[in-house]
Amino acid sequence: MKLIVLKKSNCMPCSMVERFLQGKLDGINHEILSVEESEGMEVAGMYGVMQVPVLIALDDNGVIIEKVGGYNPEAIDGILSKFGVDNG
1 MKLIVLKKSN CMPCSMVERF LQGKLDGINH EILSVEESEG MEVAGMYGVM QVPVLIALDD
61 NGVIIEKVGG YNPEAIDGIL SKFGVDNG
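Residue numbers 1 to 88, in full-length UniProt numbering, belong to the letters of the sequence shown in order.
Below is the structure:
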């Protein structure tokens, strides 16, 4: 499994998501990409992302398991639980 976080600079909700994720991604296969760079734009297009921030959980075949948009701590904790992160 893999977690992709798409963001951009000068985006307050993106900054809030990044702060919320601090220390929670240890041991998780993940990438944090900016949609202002070519790789981030490509990934956003590939997964139909229209706005950021967004977290995308992928299975081992690259298929979307879950997608969470915006700053929603409860939903973010839910997606992290799929990776075995205990948010209790």
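Backbone N, C-alpha and C fix where the C-beta goes; we use that ideal spot for every residue, glycine too. Quick caveat, the model's predicted, so the values are computed rather than measured.
Report the rounded CA-to-CA distance for I64 versus L55, giving the unit in angstroms.
Within the sequence shown, the letter at position 64 stands for residue 64. Within the sequence shown, the letter at position 55 stands for residue 55. Pairing I64 with L55, the inter-Cα distance amounts to about 10 Å.
Should P53 go down as buried or exposed, given a rule of 16 or more other Cβ atoms within 10 Å for buried?
The residue given as residue 53 occupies position 53 in the sequence shown. In summary, P53 is buried, with 16 or more beta-carbon neighbours lying within 10 Å of its beta-carbon over all protein chains present.
Whole-angstrom Cβ separation of F83 and I32, contact assumed at under 8 Å?
Taking the sequence shown and counting its residues from 1, one reaches residue 83 at position 83. Taking the sequence shown and counting its residues from 1, one reaches residue 32 at position 32. Between F83 and I32 the beta-carbon gap is near 15 Å, outside 8 Å, which marks them as no contact.
From the DSSP output, which residues share a beta bridge with L25?
Along the sequence shown, one-based indexing puts residue 25 at 25. Note: L25 sits in no beta bridge, so no partner.
If you scan the segment 59-87 from start to end, which runs of the beta strand (DSSP E) of 3 or more residues do you find wholly inside it?
The segment 59-87 contains these whole beta strand (DSSP E) runs: 64-69.
Contact set for F20: own chain, Cβ-Cβ below 8 Å, skip 5 residues either direction
Working through the sequence shown from its first residue, we reach residue 20 at position 20. Result list for F20: Y71, P73 and I76, in chain order.
Spatial distance of V85 from K24 (CA atoms)
Residue 85 sits at position 85 when you count from the first residue of the sequence shown. Residue 24 sits at position 24 when you count from the first residue of the sequence shown. Looking at the backbone, the Cα of V85 and that of K24 are separated by about 7 Å.
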